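Just below is one structure, and these are the notes that go with it.
Residue numbers (the working numbering): 21 to 146.
Right, here's the structure in full:
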């Protein structure tokens, strides 16, 4: 078989040369923060008994994203509706006039695809 393809945000293991023989297996792993999608291993096989081909396409390494940040009653956050929230991105919350912010004003997207803290809330000022 020809050398198997490289994949963005990942690497292949199982072979240290560029020569791949029938039944050789290559296993892919993804870098931290990039979940693997698809079968992790492919193997060298043949369709015609002569020429080597890989058993299937390599897997892909995705990107971790957070869902849109949660809204709060009587307030809003700085995130845009169409934005993609990758690890490290943050949004700030603020309250409407007459309301005071209780809790952390800022939350961040974590490496696991969740928001770092509970959302704050807005309470009326009397």
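Ideal Cβ positions, reconstructed from N, Cα and C, are used throughout, including at glycine. On a predicted model such as this, the values are computed, not experimentally measured, just so you know.
Beta-carbon gap between residue i and residue j smaller than 8 Å
| i | j | result |
| --- | --- | --- |
| residue 90 | residue 139 | yes |
| residue 111 | residue 120 | no |
| residue 64 | residue 58 | no |
| residue 133 | residue 113 | no |
| residue 78 | residue 48 | yes |
| residue 125 | residue 107 | no |
| residue 45 | residue 32 | no |
| residue 54 | residue 30 | yes |
Nearest-angstrom Cβ-Cβ length linking residue i and residue j, presumed shorter than 8 Å
| i | j | result |
| --- | --- | --- |
| residue 25 | residue 38 | The Cβ separation is near 12 Å, so there is no contact. |
| residue 62 | residue 74 | 5 Å |
| residue 129 | residue 86 | 4 Å |
| residue 127 | residue 135 | 5 Å |
Residue range of the beta strand (DSSP E) that includes residue i
| i | result |
| --- | --- |
| residue 47 | 45-50 |
Which of helix, strand or coil DSSP assigns to residue i
| i | result |
| --- | --- |
| residue 121 | strand |
| residue 98 | coil |
| residue 83 | coil |
| residue 40 | coil |
| residue 56 | strand |
Per DSSP, cross-strand counterpart(s) of residue i
| i | result |
| --- | --- |
| residue 73 | 65 |
| residue 92 | BP columns for residue 92 are empty, so no partner. |
| residue 139 | Looking at the DSSP assignment, residue 139 forms no beta bridge with any residue, so it has no partner. |
| residue 110 | 128 |
| residue 32 | 48 |
Residue i CB to nearest heavy atom of the ligand COA below 7 Å
| i | result |
| --- | --- |
| residue 39 | For the ligand COA, the structure offers nothing, since it holds no ligand at all. |
Residue i at chain C interface by Cβ criterion, 8 Å
| i | result |
| --- | --- |
| residue 142 | Here chain C cannot be found, since the structure has a single protein chain. |
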